[in-house]
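**Student:** This is the structure I want to talk about, given as structure tokens.
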Amino acid sequence: MTVLLAFAAAFLFATGTWLLLQRRLSRILIGIGLVGHGSNILLLTSGGPSGVAPIIGSAPAVDFSDPLPQALALTSIVITFGVTAFLLALGYRSWRITHDDVVEDDVEDRFIARRRSEDHIVSDTEDAARAQAAEEDRL
Amino acid sequence: MNALIPLPVILPILGAALCVIAARSRTVQRVLSLAVLTTNVVVSVILLIRVDDDGIGVTQAGGWRAPLGITLVVDRLAAVMLVVSSLMLLSVLIYAIGQREEEARFAAFNPVYLVLAAGVSASFITGDLFNLFVAFEMMLVASYVLLTLGGRPGQVRSGMSYVVISLIASTFFITALALIYAATGTVNMAQLSERIPELPSGVQVGFSLLLILVFGIKAGVFPLFFWLPDSYPTAPGAITAVFAGLLTKVGVYAIIRSQTLLFPPDAQQGTVLLVIAGFTMVVGVLGALAQDDLRRMLSFHIVSHIGYMIFGLALFTIAGIAAAVFYVVHHIVVKTALFLVAGLVEHRAGSDRLSRVGGLVRSAPMIAVLFAFPALSIAGLPPFSGFVGKFGLVSAGIDSTDWVIVAVSLLVSLLTMYVMGRIWSDVFWGEPEDPEVVEWMETDASRVPWLMTSATAAVVVMSLLLMVFAGPLYSYAERTAAELLHPEIYVESVLGEGS
Amino acid sequence: MSEPMPPTPEDVESSQAAERSANRRLTVTEMLILDTSVKILYPAILVLALYFLFAGHNRPGGGFVSGLMVGAALSLRFVSGDAEAVRSTFRLSSHMILGLGLALSATVALMPVLLGGSILEHGELEYDLPIFHHVKLTSTFAFDLGVALVVIGLVLMAFAAFGDGRVGDPGDEDDGSDDRLPKVRIRR
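Protein sequence lines correspond, in order, to chains B, D and P.
Here the first sequence is numbered in this note's numbering, starting from 6 and rising by one per residue.
Here the second sequence is numbered in this note's numbering, starting from 1232 and rising by one per residue.
Here the third sequence is numbered in this note's numbering, starting from 289 and rising by one per residue.
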């Protein structure tokens, strides 16, 4: 059982990491979800071999599974769930603004790089440079 | 005293709940938030005094005894962080109210801000590694909301990368927790302090590095800082100040706490941290030099100064850690002040681009004065608190004969002065380079509300007080360092003598 | 979220129009099956949620699970009706429910500190009532109730925000549109 869980965690981490490296926001979101599940499973397995439900009086204490990792996993599931929901809302907002789900570049970064490479641009053309940087990002 | 310990966490949560109920009346929300944060300041100061006199304060939530229940601990480090953070949170809230922007426009601002306060306090007082994770999440979720309040395109873009990076860090944290629990069977920090030294040394080093990675992302150290200068400047003005002042320092606090408490000396990553510190300082300040946007420049600058704190810790001597603690306190106050001033500049000039603004020393002498003190302090000029902190760090470095890092820190110090000089000459001297700025400054809307100015002035005065009371504060920092380097005191206070 | 306002004729008309357009997409039979099953399931789920809330002290269940069950029931209603149906379920607005829940939980957590105990400690009352036999009520129940209310409030807020594409909280002057700050922010 634990071996199976270990493999499941490994698989989730692997696929999640791959998805995180994509450029599309929806994939990153799914990737985050998968990696989160992977770490939660890892948390669950950290309590050692599974046993019966740890409710006092239902079984001898030696047969209990460790309840603490379950509590921790539950907490972290709730947190991951909440943050993922927020991220989805943010993604929805981003889609409404850009009508695209590609993660955008940092325009300011590009602007500064451009400003340096083209030596010195007079103030009037800075806007043009920034607009161009933004335009390139969109492509 | 022990009854006071949970208050800095539970009061803001209660306040947030009441603020949500009172969503329709901004006045009620303001009164509630200000009352809660003022109480927090008072409680923190009492805790600081009591902890300094009577030793570490411990309380067990629900009355369950230590390794089983939720432990809340206030030692000297936590107490001083609580005091500084509650002061900053209060000042920035007053500033935000004066600004009449996000705070006035969104009913969610006050409750979320209080949740942020609760998360920050909880990070400092928790005695449990898992609750540190929960406190981090509380703080981060609040920061996500505050960062993207308003949902402007730039905010959504940078908020997205901020949330994703933080989430990845959280996932690493859970992974680290799972591994640590599997190896030791506990997440109570005091008990971990006893059990981690029994593990094989390779495992200890692995855990140590994993936690540095997790907290390093939050603290923004090299090479994990890339998200910071991208996301912080897009947040609403006042919020950037509290992020810059507090959030990264919570990461630094977690690094200091975990390295000193959890790991025995041979698993402490002195060398790794020194290398990280050196690169963080240099890369941060070089990044700041290249910027054109005032807040972005200051954001890169945070990164650079995180390096100093890590440098102090990495020496693992009383002098080094004392200097680091002093530096953290100094940096929270001074950086918050600088960001608040950046907000004032933006309000007054309509822009915070160095290439557009100019001549503020004549048109807004008050802002110039408010900028000058923290700028000189952060550049490390005597007699300001930055000088005291840097002097402490450098002399601790010389004592430990780590010449390279001492040289790097001195060089970065010079570059910092150059950065501050550049801001000064571009923003405050000369003439505004942009006709739009001139036009804007003629209008009434460019007048800075007195509440913003006085809140900023209050923080600047606090930074000056740090200079005046540098002596007592430094000896407090030394006592803190001594306490941190003897984790058995902490362990005994939490677990009791019977352990 | 705003207090539920009395529906104006326009609102009723538009919600009817929305319903009609929803009906067009589904055949009558599908709607019939859905509606009937929701009608049966909805109260059943609420009762189950109540059971979980009370059972939580000694058996699997608790405030969070109970809140989630209510949330599930609400989402069923959303599927068969529309966001308006969900929104008008409770007399209190969603932020009120959330705030009251959080305030209740925080107060229960804080109370023992005021009484000289430690935070989150609980007190209990035990009675022997004629019909219910032995009843044990702990202050953790109030905490759980608070948690349940928070979850319900959050679910309602989510439906209010995303249920029908209307975004933005009343009470905010911001309507969620892409406008910049009212202040002139030069080229940022």
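The C-beta atom is built at its ideal place from N, Cα and C for all residues, glycine as well.
State the CB to CB distance for the pair valine 1635 of chain D and glycine 1509 of chain D, rounded to an integer number of angstroms; the pair is presumed to be in contact (CB under 8 Å).
**Tutor:** 7 Å
**Student:** If you count every other CB in all the chains shown that lies within 10 Å of the CB of lysine 1621 of chain D, and 16 or more means buried, which is it?
**Tutor:** buried
**Student:** Pull out every residue of the segment 1291-1303 of chain D whose Cβ sits closer than 7 Å to any Cβ of chain P, in chain order.
**Tutor:** Gln1291, Ala1292, Gly1293, Gly1294
**Student:** In chain order, what residues of the same chain have a beta carbon less than 7 Å from the beta carbon of alanine 1713 of chain D, not counting five sequence neighbours either side?
**Tutor:** If the five residues before and after alanine 1713 of chain D are omitted, its C-beta is found closer than 7 Å to the C-beta atoms of Ile1549, all from its own chain and listed in chain order.
**Student:** Examine the ligand ATP and report whether any of its heavy atoms sits within less than 7 Å of the Cβ of glycine 1551 of chain D.
**Tutor:** Here there are no bound small molecules, and the ligand ATP is not part of this structure.
**Student:** With a CB to CB cut of under 7 Å and the five nearest residues on each side skipped, what residues in its chain are close to alanine 1688 of chain D?
**Tutor:** Leu1601
**Student:** Going by other Cβ atoms of all chains shown within 10 Å of its Cβ, with 16 needed for buried, is alanine 19 of chain B buried or exposed?
**Tutor:** Here alanine 19 of chain B is exposed: its Cβ has fewer than 16 other Cβ atoms, across all protein chains shown, within 10 Å.
**Student:** Give the residues of chain D in contact with glycine 87 of chain B, contact being defined as C-beta atoms less than 9 Å apart.
**Tutor:** Glu1368, Val1372
**Student:** According to DSSP, simplified to helix, strand and coil, what is threonine 1465 of chain D?
**Tutor:** helix
**Student:** Does the Cβ-Cβ distance between isoleucine 35 of chain B and valine 1387 of chain D come in under 8 Å?
**Tutor:** no
**Student:** Kindly give me the distance between the Cβ atoms of glycine 1574 of chain D and valine 1658 of chain D, rounded to whole angstroms, as I take these residues to be in contact under 8 Å.
**Tutor:** Incorrect: roughly 13 Å between the Cβ atoms, too far for contact.
**Student:** Which one of D:Arg1678, D:Pro1596, D:Leu1380 has the shortest CA to CA distance from arginine 1336 of chain D?
**Tutor:** D:Leu1380
**Student:** Hey, is valine 1274 of chain D's beta-carbon within less than 8 Å of any beta-carbon in chain P?
**Tutor:** Closer than 8 Å: no.
**Student:** What number of angstroms, rounded off, separates the C-alpha of leucine 338 of chain P from the C-alpha of valine 1346 of chain D?
**Tutor:** 29 Å
**Student:** Let me know if alanine 64 of chain B comes out buried or exposed under the rule of 16 or more other beta-carbons within 10 Å of its beta-carbon.
**Tutor:** The residue is exposed, with fewer than 16 neighbouring Cβ atoms inside 10 Å.
**Student:** Could you work out which residues of chain B lie near phenylalanine 1361 of chain D, taking near to mean beta carbons separated by less than 8 Å?
**Tutor:** Leu77, Thr80
**Student:** How many angstroms separate the CA atom of phenylalanine 429 of chain P from the CA atom of glutamine 1422 of chain D?
**Tutor:** Their backbone Cα atoms lie some 31 Å apart in a straight line.
**Student:** Could you check if threonine 1502 of chain D is buried or exposed, using at least 16 other CB atoms within 10 Å of its CB as the buried criterion?
**Tutor:** exposed
**Student:** So, for tryptophan 23 of chain B: in the same chain, excluding its five sequence neighbours on each side, which residues have a beta-carbon less than 6 Å away from its beta-carbon?
**Tutor:** none
**Student:** Using a Cβ cut-off of 8 Å, pull out every chain B residue sitting near alanine 1254 of chain D, in sequence order please.
**Tutor:** Simply none; closest approach about 19 Å.
**Student:** Evaluate contact between the segment 1530-1538 of chain D and the segment 1468-1481 of chain D, counting only Cβ atoms and requiring at least three cross-stretch pairs below 8 Å.
**Tutor:** yes
**Student:** Under a CB-based cut-off of 8 Å, is leucine 48 of chain B close to chain D?
**Tutor:** yes
**Student:** Taking 8 Å as the threshold (C-beta atoms), are leucine 30 of chain B and glycine 96 of chain B in contact?
**Tutor:** yes
**Student:** Can you give the Cα-Cα distance for leucine 398 of chain P and isoleucine 1301 of chain D, rounded to whole angstroms?
**Tutor:** 15 Å
**Student:** Below 8 Å on the Cβ atoms is my guess for alanine 1553 of chain D versus threonine 1711 of chain D; work out the distance and round it to an integer in Å.
**Tutor:** 7 Å
**Student:** For glycine 344 of chain P, count neighbouring Cβ atoms within 10 angstroms of its own Cβ and tell me buried if that reaches 16, exposed if not.
**Tutor:** buried
**Student:** I'd like to know whether the C-beta atoms of methionine 1512 of chain D and valine 1643 of chain D end up nearer to each other than 8 Å.
**Tutor:** yes
**Student:** Please state whether DSSP places valine 455 of chain P in a helix, a strand or coil.
**Tutor:** In this prediction, valine 455 of chain P scores a pLDDT of 42, lower than 50, which makes its location untrustworthy; the coordinate-derived value is nonetheless stated afterwards. If DSSP states are grouped into helix, strand and coil, valine 455 of chain P belongs with coil.
**Student:** Comparing C-alpha positions only, which one of D:Met1391, D:Ile1399, D:Ser1608 sits nearest to arginine 98 of chain B?
**Tutor:** Proximity to arginine 98 of chain B across D:Met1391, D:Ile1399, D:Ser1608 peaks at D:Met1391, based on C-alpha coordinates.
**Student:** Residues in the same chain with beta-carbon distance under 6 Å from alanine 1555 of chain D, minus the five sequence neighbours each way, listed in chain order, please.
**Tutor:** Residues Met1540, Gly1543, Leu1544 of the same chain have their beta carbon placed closer than 6 Å to that of alanine 1555 of chain D, with the five preceding and five following residues left out of the count.
**Student:** Touching or not, the segment 1395-1411 of chain D and the segment 44-51 of chain B, by the rule of three or more beta carbon pairs under 8 Å?
**Tutor:** yes
**Student:** Answer yes or no: does any C-beta atom of chain D fall closer than 8 Å to that of serine 325 of chain P?
**Tutor:** no
**Student:** Find the residues of chain B that neighbour glutamine 1422 of chain D, judging by a C-beta separation of less than 9 Å, and give them in chain order.
**Tutor:** What glutamine 1422 of chain D touches in chain B: nothing, since even the nearest Cβ is about 12 Å away.
**Student:** With a threshold of 8 Å between beta carbons, is isoleucine 1448 of chain D in contact with chain P?
**Tutor:** no
**Student:** In terms of DSSP beta bridges, what is valine 107 of chain B paired with?
**Tutor:** B:Arg29
**Student:** Return the residue from the list P:Glu372, P:Phe447, P:Val367, P:Gly411 that minimises the CA-CA distance to aspartate 249 of chain P.
**Tutor:** Chain P is shown from 289 up to 476; residue 249 of chain P falls before or after that span and cannot be answered.
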